[in-house]
Structure formats: structure tokens, C-alpha cells
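A.B. asks:
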Amino acid sequence: MFSISVPPTINLSFSPGSLQRSGPRGSFRAVTGSYRLRLLALPSGRRLFLDFDPALSRELQPSLTTQAARLSRLEAQMEGLIRGYRRRLRLVGVGFRATQIPASSTAQGARISFKLGYSHDVEKNLSDFIAEGVSVLPSRLEGRTKGTLLSLEGTDLSRLNQCAASIRSLRYPDPYKGKGLRLA
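Structure below.
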């Protein structure tokens, strides 16, 4: 049996087979599957306990590492609901920059255009990232006027890292000169 502490700003609601968590930055719904979740109010605070379903046979019960990994992911998602996560990508190279194209000037909606040393500009739709719960903005650092820094923010760490990886795949850093998209 494993447990984690639940902050007071997180609201939990249980339904058969799922767990809904909501906090100041949003909400998540998770399918619990063969796990049984219990919320107990202890003198030290609220704790969420994770047990396997006793109706399962011994061979089908998940291992301790699987239970610990699931509980760790629940804890990371609750932390994201309170504080959120941020990743920064730095565009390194002469003429490399990212600019946001507003929705009013394009028919497809808001997009980000990247100049990455190719013969053409590479564009990504912002609606794909918004659907994942991630906001992407070209940002300024230390008074620079060029769009050489890209800021990604979201509540789910795994989705945020996946979006950062998909942007970074546009131009991986060169192993010799270091030109490309780097995690800052």
C-alpha cells in the first residue's frame, strides 16, 4: 500500500473506474483501472492511498514498482495543477528565430513560424499545442529583441515534454557547432 499527501488546493472526486483532480490551473481525469484509491483525512493532512483490487488473482496483481510509478505520476500531475511546468527552447544559430503569426492574418489560425536555416520557413499550428494543454510563446530574454527563446507552459509534464520534443525535432542541435533548437 502506497500513499501521497494531497495539498489542500486540490479537489478530488471519485467515480467508478476514474479519478478527477482539479486545482487552480485546471483539471485532470485519470482511469484507475485495477487500482483502488482511498482518500483519508489524517491529523497530518489528507493522504491518497493506492491499493490493488483484491478481487484480482495473485498473478494479475500489479508489481510494487508499477504501483509506485502510477502514484508518482499522480503526484506530478497534482503539482502541475498547483504550480504548472515550464520548458524553454533556445534557438541557436545566425538568423534563427521564432515569430508568432496571429490568427487574423491566416486562414488556418494562429501559428508559429520558425527560421531555422532551411530554404523555407517551418510553421507549426498553435491549435495542436493548445489541444494538448500547452501554451507556446516566443519570449524575450534580457532585453533581446530577437525571438530566439521559446517558452512552453502547461500543467501535464509528459505532454509538455512531448510538445517540446516535437518542436525540437524541427532542427536538432548540430553536434559540432551547436546550431539548432536547444533546451534552455
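The sequence shown stops at residue 287 when you use the working numbering, and every number in between is there.
Note that CB positions come from ideal geometry on N, CA and C, so glycine has one too.
Taking the beta strand (DSSP E) that SER130 belongs to, which residues open and close that run?
C.D. replies: Reading the sequence shown from its first residue, position 27 is the one you call residue 130. Looking at the DSSP string, the run of the beta strand (DSSP E) that includes SER130 is 129-134.
A.B. asks: Leaving out five residues on either side along the sequence, give the residues of the same chain with a beta carbon under 7 Å from the beta carbon of LEU273.
C.D. replies: If you number the sequence shown from 1, residue 273 lands on position 170. Residues PHE217, LEU219, VAL225 and LEU284 of the same chain have their beta carbon placed closer than 7 Å to that of LEU273, with the five preceding and five following residues left out of the count.
A.B. asks: Within the chosen definition, does the region 192-200 reach the region 136-150 through at least 3 CB pairs nearer than 8 Å?
C.D. replies: Touching, no.
A.B. asks: So VAL203 is in the beta strand (DSSP E); what residue range does that whole segment cover?
C.D. replies: On the sequence shown, residue 203 is found 100 positions in, with the first residue counted as 1. Reading the sequence as shown, one finds Gln at residue 203 and not Val. GLN203 -> beta strand (DSSP E) spans 200-204.
A.B. asks: Which value, in whole angstroms, describes the spacing of the CA atoms of GLU178 and GLY212?
C.D. replies: Within the sequence shown, residue 178 is the residue found at index 75, counting from 1. Within the sequence shown, residue 212 is the residue found at index 109, counting from 1. Looking at the two C-alpha atoms, the distance is approximately 35 Å.
A.B. asks: Name, in chain order, the residues that DSSP records as bridge partners for VAL197.
C.D. replies: Against the sequence shown, residue 197 aligns to sequence position 94. The partner list for VAL197 (beta bridge, DSSP) is empty, contrary to what the question assumes.
A.B. asks: Nearest to SER116 by alpha carbon, out of ARG150, ARG132, PRO241 and PRO278?
C.D. replies: Numbered from its first residue, the sequence shown carries residue 116 at position 13. Here the closest residue by C-alpha is ARG132.
A.B. asks: Are the beta-carbon atoms of SER106 and LEU151 separated by less than 8 Å?
C.D. replies: Position 3 of the sequence shown, counted from the start, is the residue given in the question as residue 106. Position 48 of the sequence shown, counted from the start, is the residue given in the question as residue 151. Contact: yes.
A.B. asks: Could you tell me the alpha carbon to alpha carbon distance between LEU260 and SER242, rounded to whole angstroms?
C.D. replies: The residue you call residue 260 lines up with position 157 of the sequence shown. The residue you call residue 242 lines up with position 139 of the sequence shown. So the alpha carbons of these two residues sit roughly 20 Å apart.
A.B. asks: What are the boundary residues of the beta strand (DSSP E) that includes LEU219?
C.D. replies: By 1-based counting over the sequence shown, the position of residue 219 is 116. Run containing LEU219: none; DSSP gives neither H nor E here.
A.B. asks: Between which residues of its own chain and ALA287 is the CB-CB distance below 6 Å, once the five residues before and five after are set aside?
C.D. replies: Translated into positions along the sequence shown, residue 287 becomes position 184. Answer for ALA287: ARG191 and ARG193, listed in chain order.
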